[in-house]
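The sequence shown: position 46 = 46 (the working numbering), numbered continuously.
First up is the structure itself, then whatever we jot down about it.
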Amino acid sequence: MEFKEILKKVEDSKEFKEFAQEHADKYLAHGFTMHSKPGEYDYQLGYFCPSTGLITVFTVDPVKRLPDDQAFNKEGTVKALDPDKVTVQCSAAEQQALDFLKEKYPNETVTKIIIIVQNLDVQVYNITLVTDHFNILNARIDAASGELISHTMRSILSLRQSDEGKTK
């Protein structure tokens, strides 16, 4: 199932329609999936409500509303994701990130795949590949053109060092 099918399934559901009646100012903020093998998707869609500052997430199979949560952002708001500008399939964006990893870092084997489609001034697939060597490749792929916008490779251990600096 691809992004627009997922969106339709969620927004056609009773759970979403009840939510939409309660939150007229809501808008689509992101799509999310995390899995260990390509093609094994467990999708979620998040909707931001500016009036509450909360994100409401819906699972897809089955459609279920999860408890509201604080938005994870620095600016205090979340940009709307325009589904009409998401023309590249999630599976194609994922494959592009996997191919890039294989080409540039052939000794890395993926153990976890995290994909978020979101608006970062352009609609992007923000893909994180966690490897068996404790590295993470973050690739941003334009959701309209399929172009690789940026990538970074870091050790997971470097994240711990930056977290320790924040707590001091």
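Just so you know, even glycine gets a beta-carbon here, dropped at the ideal spot from N, CA and C.
No experiment lies behind these values; they were computed from the predicted model shown.
The three-state reading of DSSP puts Ser13 in coil, since its state is none of H, G, I, E or B. Distance between Thr59 and Leu45, taken at the CA atoms: about 7 angstroms. The straight-line gap separating the alpha-carbon atoms of Phe3 and Tyr43 is approximately 9 angstroms. Under DSSP, Val60 takes part in no beta bridge, so it has no partner. Residue state for Asp99 is assigned as helix, using DSSP reduced to three classes. Between Ile141 and Ala93, the C-beta spacing is below 7 angstroms. About 6 angstroms separates the beta carbon of Leu129 from that of Leu101, a gap short enough to meet the 8 angstroms contact definition.
Under the three-state reduction of DSSP output, Ser155 falls in the strand class. In the structure shown, the three-state DSSP call for Asp142 is strand.
Annotation for His35: Tyr41, Asp42 and Ile113 place their beta carbon closer than 7 angstroms to its own, counting only its chain and skipping 5 residues before and after.
Residue state for Ser36 is assigned as coil, using DSSP reduced to three classes.
Checking the DSSP bridge columns, you'll see Thr109 has no partner listed. If you compare the alpha carbons of Arg154, Ile136 and Leu28 with that of Leu7, the shortest gap goes to Leu28.
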